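Trainee: One structure is given below, represented as structure tokens, and several questions about it will come after.
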Amino acid sequence: MAQQSTKQSNRQSLAKRFNQSLILMYVVTVLVTTPLIYFITKLQVYSRAEQELVLLVDVVKSIQSFVANDLRPHFMKEQIFYSPSFSGIVATSRIAKYLKQSQPQYYISNVSDNPLNPTNRVKGLEAELLNQFRKNRNMALVTTDGVIEGRNYLVSSAPKVSKKGCLRCHGKPEQAPEDVKAMYGTGSGYGYQSGEVVGVSVVGVPLEDVQSLTIRRSLIVIGAITLLFAVLFIVVNRLVRRLILEPITEITTVAKAVSHGDISREVHVRDRKDEIADLANAFELMRRSLVAAMKRMKRKT
Ligand code: HEC
Numbered sequence: 005m006a007q008q009s010t011k012q013s014n015r016q017s018l019a020k021r022f023n024q025s026l027i028l029m030y031v032v033t034v035l036v037t038t039p040l041i042y043f044i045t046k047l048q049v050y051s052r053a054e055q056e057l058v059l060l061v062d063v064v065k066s067i068q069s070f071v072a073n074d075l076r077p078h079f080m081k082e083q084i085f086y087s088p089s090f091s092g093i094v095a096t097s098r099i100a101k102y103l104k105q106s107q108p109q110y111y112i113s114n115v116s117d118n119p120l121n122p123t124n125r126v127k128g129l130e131a132e133l134l135n136q137f138r139k140n141r142n143m144a145l146v147t148t149d150g151v152i153e154g155r156n157y158l159v160s161s162a163p164k165v166s167k168k169g170c171l172r173c174h175g176k177p178e179q180a181p182e183d184v185k186a187m188y189g190t191g192s193g194y195g196y197q198s199g200e201v202v203g204v205s206v207v208g209v210p211l212e213d214v215q216s217l218t219i220r221r222s223l224i225v226i227g228a229i230t231l232l233f234a235v236l237f238i239v240v241n242r243l244v245r246r247l248i249l250e251p252i253t254e255i256t257t258v259a260k261a262v263s264h265g266d267i268s269r270e271v272h273v274r275d276r277k278d279e280i281a282d283l284a285n286a287f288e289l290m291r292r293s294l295v296a297a298m299k300r301m302k303r304k305t
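So the sequence shown is residues 5 to 305, counted in the numbering used here.
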């Protein structure tokens, strides 16, 4: 009975140690996984947004260059002050309106705290950016993330500085072109001074929610890790039992029988070639020599 219990406890302790190491490995893997996934997801989300942002900013720049280089000189020559063909900002705001119909997730705006168009009044993040640009006149471009209309965006923003040419429309209201006065009235958007920061341009691309993306990805990866470890757990336990515990128990049983005088019992270990088989063979050899020695002794007596 006492023999049985030591056998039992030895047997458990080896398997238990393997299992404890496996569980520890599992816990460490799971603990490392989530922060790692968060980090990778964040990198991925931002680099994707940055690529899109660069593209969108360049598209806006191209629109403004087109107005400045191709349209404006032509219309100036003809003495026509039609604002969308004269101001890059106006052209951009019109094109942004059309783009919004098919790509509502992108954000393009030119805003001011003294706007012609009341929908272009600064708010939230835009107001903060305008303040920053006014405080620090050396700042030419800011890329940052923030919330616009309840959504997370990566935005690229630049100050809009008033120049002499701007005053044609934003100077004295009575001197503004007829189409501007007709459309926006004479209440707001005038009185710009040359050289002051009058507004900001904001181009934004949507940022995916890193946290919920991390949770979704983590659940999948942790599920896969759990499955993998469960299989590993079963396989390792069966291997330990078959390759280590069973043969050692067999050798122990025979060794105990020999110590009690029963040398007739052979060690049975499956046909294999490893350290445990070496041990079993060595033990069996010892038992056989013992049997032979006993026989010799019997014959002598
Ligand atoms: C040909 C007339 C014209 C000129 C020149 C012009 N703008 Fe404008 N600007 C407009 C109109 C019209 C709007 C309103 C567009 C809209 O409806 O979104 C506007 C809008 C803006 C806005 C957005 C806020 C608002 O008023 O609705 C800013 C900022 C702005 N202009 C700055 C400038 C600056 C800086 C210059 C010079 C570099 C300039 N504009 C030159 C006509 C002009």
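From the three backbone atoms N, C-alpha and C, an ideal C-beta is built for every residue, glycine too.
All figures in this text were calculated on a predicted structure; none of them were measured in a lab.
Can you tell me whether Ser69 is buried or exposed? The criterion is at least 16 other CB atoms within 10 Å of its CB, across all chains shown.
Mentor: Classification of Ser69: exposed, given that the 10 Å Cβ count is below 16.
Trainee: If we count Cβ pairs, one from each stretch, closer than 8 Å, do we get three or more for the stretch 275 to 283 versus the stretch 244 to 253?
Mentor: These segments touch.
Trainee: With a threshold of 8 Å, establish whether the CB of Ile93 neighbours any heavy atom of the ligand HEC.
Mentor: Yes - the ligand HEC has a heavy atom lying nearer than 8 Å to the Cβ of Ile93.
Trainee: Going by C-alpha to C-alpha distance, which of Met290, Glu56, Lys81, Ile255 sits closest to Gln107?
Mentor: When each option's Cα is compared against that of Gln107, the closest is Glu56.
Trainee: Assuming Gly154 contacts Leu129 (C-beta within less than 8 Å), just tell me the rounded distance between them.
Mentor: Between Leu129 and Gly154 the Cβ distance is about 12 Å, and since that is not below 8 Å, they are no contact.
Trainee: For the stretch 87 to 98 against the stretch 133 to 145, do three or more pairs of beta-carbon atoms, one drawn from each stretch, fall closer than 8 Å, so that the two count as touching?
Mentor: Contact between the stretch 87 to 98 and the stretch 133 to 145 is absent, because fewer than three Cβ pairs lie under 8 Å.
Trainee: Identify, in the order they occur along the chain, each residue of the same chain with its Cβ nearer than 7 Å to the Cβ of Thr96, setting aside the five sequence neighbours on each side.
Mentor: Once the five neighbours on either side are set aside, the close Cβ partners of Thr96 are Val64, Ile67, Gln68, Ile112, Asn114.
Trainee: What residues in its chain sit with their C-beta under 7 Å from that of Phe137, if we drop five residues either side in the sequence?
Mentor: Counting only Cβ-Cβ distances below 7 Å, and skipping sequence neighbours, we find Met143, Pro163, Val201, Val204.
Trainee: If you draw a straight line from the C-alpha of Tyr196 to the C-alpha of Pro119, how long is it?
Mentor: Those two C-alpha atoms are separated by around 10 Å.
Trainee: Do Thr37 and Ile226 have their C-beta atoms closer together than 9 Å?
Mentor: For Thr37 and Ile226, yes; Cβs fall inside 9 Å.
Trainee: Cα separation between Val237 and Leu35?
Mentor: Looking at the sequence provided, one finds Phe at residue 237 rather than Val. Cα to Cα, the separation comes out at about 19 Å.
Trainee: Is the beta carbon of Thr190 within less than 8 Å of some heavy atom of the ligand HEC?
Mentor: Answer for Thr190: no, Cβ out of range of the ligand HEC.
Trainee: How many angstroms separate the CA atom of Asn135 from the CA atom of Lys127?
Mentor: Answer to the nearest angstrom: the Cα atoms are 11 Å apart.
Trainee: Please confirm whether any heavy atom of the ligand HEC lies closer than 8 Å to the CB of Arg172.
Mentor: Arg172: yes, Cβ under 8 Å from the ligand HEC.
Trainee: Can you name the residues that DSSP bridges to Asp149?
Mentor: Asp149 pairs with Leu158.
Trainee: How about Gly169: is its Cβ closer than 8 Å to a heavy atom in the ligand HEC?
Mentor: Gly169 Cβ: within cutoff of the ligand HEC.
Trainee: Using CA coordinates, which residue listed in Ser268, Arg276, Ser51 is at the minimum distance from Pro291?
Mentor: In the sequence on display, residue 291 carries Arg and not Pro. Taking only the C-alpha atoms, the option nearest Arg291 is Ser268.
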